[in-house]
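Asker: Sharing a structure with you now.
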Amino acid sequence: MTKDQIPHGFPTIDMGPQLKVVERTRTATMLCAASGNPDPEIYWFKDFLPVDIGSSNGRIKQLRSGALQIENSEESDQGKYECVAVNSAGTRYSAPANLYVREMTGRKFHPETGSSRSDPRGFR
Numbered sequence: 020m021t022k023d024q025i026p027h028g029f030p031t032i033d034m035g036p037q038l039k040v041v042e043r044t045r046t047a048t049m050l051c052a053a054s055g056n057p058d059p060e061i062y063w064f065k066d067f068l069p070v071d072i073g074s075s076n077g078r079i080k081q082l083r084s085g086a087l088q089i090e091n092s093e094e095s096d097q098g099k100y101e102c103v104a105v106n107s108a109g110t111r112y113s114a115p116a117n118l119y120v121r122e123m124t125g126r127k128f129h130p131e132t133g134s135s136r137s138d139p140r141g142f143r
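At position 76 of the sequence shown (counting the first as 1) the number is 95 in this note's numbering, and the numbers step up by one without a gap.
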């Protein structure tokens, strides 16, 4: 479809989600902003399936801005996320962005040297 064939008001993704790394139990926010006429509704997909906000016991919510907020991140939240803007003129998908959830990297204090060192557990 060329630019002159796109219907007036067709949704545009103004800001799509970006690659994000979050430590387990922390909050991750995937951003999405869209425009169109009428204003589009925003929906989220994870690994090509709709994000079921209702089944998360309030841990996953969509903010008024359209962003997806994941509290108390778990390894199962890791995946490829896309936001989708939908209005009466059409549907537009964002580029996908990966969310990685890693183990918390604890810092261990070594009294003999007076320094701290990262625990190199990294990604799971």
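Every residue, glycine too, gets a C-beta built ideally from N, C-alpha and C.
Keep in mind it's a predicted model, so treat the numbers as computed, not measured.
Measuring straight from C-alpha to C-alpha, what distance separates Trp63 and Met123?
Answerer: Taking the first residue of the sequence shown as 1, we reach residue 63 at position 44. Taking the first residue of the sequence shown as 1, we reach residue 123 at position 104. Computed Cα separation, rounded: 26 Å.
Asker: Pull the bridge partners of Phe64 from the DSSP assignment, please.
Answerer: Your numbering for residue 64 matches position 45 in the sequence shown. Per DSSP, the beta bridge partners of Phe64 are Pro69, Glu101.
Asker: Nearest to Cys102 by alpha carbon, out of Arg45, Ala108, Gly35?
Answerer: Taking the first residue of the sequence shown as position 1, residue 102 is located at position 83. Nearest option by C-alpha distance: Gly35.
Asker: Any idea which residues DSSP pairs Ala47 with across the strands?
Answerer: Locating residue 47 in the sequence shown gives position 28, where the first residue counts as 1. Partner(s): Ile89.
Asker: Whose C-beta lies closer than 8 Å to the C-beta of Pro30 among residues of the same chain, with five residues either side of it excluded?
Answerer: Working through the sequence shown from its first residue, we reach residue 30 at position 11. Answer for Pro30: Ala53, Ser54, Gly55, Pro59, Ala104, Val105, Asn106, Ala108, Gly109, Thr110, Arg111, listed in chain order.
Asker: Compare the Cα-Cα distances from Glu42 to each of Ala86, Ala116, Gln97 and report the closest residue.
Answerer: The sequence position of residue 42 within the sequence shown is 23, counting from 1. For Glu42, the nearest C-alpha among the options comes from Gln97.
Asker: Taking the beta carbon of Gly65 as the centre, do at least 16 other beta carbons fall within 10 Å, making it buried, or is it exposed?
Answerer: Here the question's residue 65 lines up with position 46 in the sequence shown. Here residue 65 turns out to be Lys, not Gly, going by the sequence shown. Burial state of Lys65 is buried, judged by a 10 Å Cβ sphere holding 16 or more other Cβ atoms.
Asker: Going by DSSP, what residue range makes up the beta strand (DSSP E) through Asp33?
Answerer: The residue labelled residue 33 in the question sits at position 14 within the sequence shown. Element bounds for Asp33: 31 to 34.
Asker: Helix, strand or coil for Glu42, going by three-state DSSP, please let me know.
Answerer: Numbered from 1 along the sequence shown, position 23 holds the residue referred to as residue 42. Note: Glu42 maps to strand in three-state DSSP.
Asker: For Ser74, which of helix, strand or coil comes out of DSSP?
Answerer: For this step, residue 74 is matched to residue 55 along the sequence shown. Residue state, collapsed to three classes: helix.
Asker: Which of the three DSSP states, helix, strand or coil, is assigned to Ser95?
Answerer: Taking the sequence shown and counting its residues from 1, one reaches residue 95 at position 76. Ser95: helix per DSSP, three-state reduction.
Asker: With a Cβ-Cβ cutoff of 8 Å, do Ser113 and Ile32 count as a contact?
Answerer: Counting from 1 along the sequence shown, the entry for residue 113 is found at position 94. Counting from 1 along the sequence shown, the entry for residue 32 is found at position 13. Yes, the pair counts as a contact, with Cβ atoms nearer than the cut-off.
Asker: With DSSP collapsed to three states, give me the class of Gln37.
Answerer: Taking the sequence shown and counting its residues from 1, one reaches residue 37 at position 18. Residue state, collapsed to three classes: coil.
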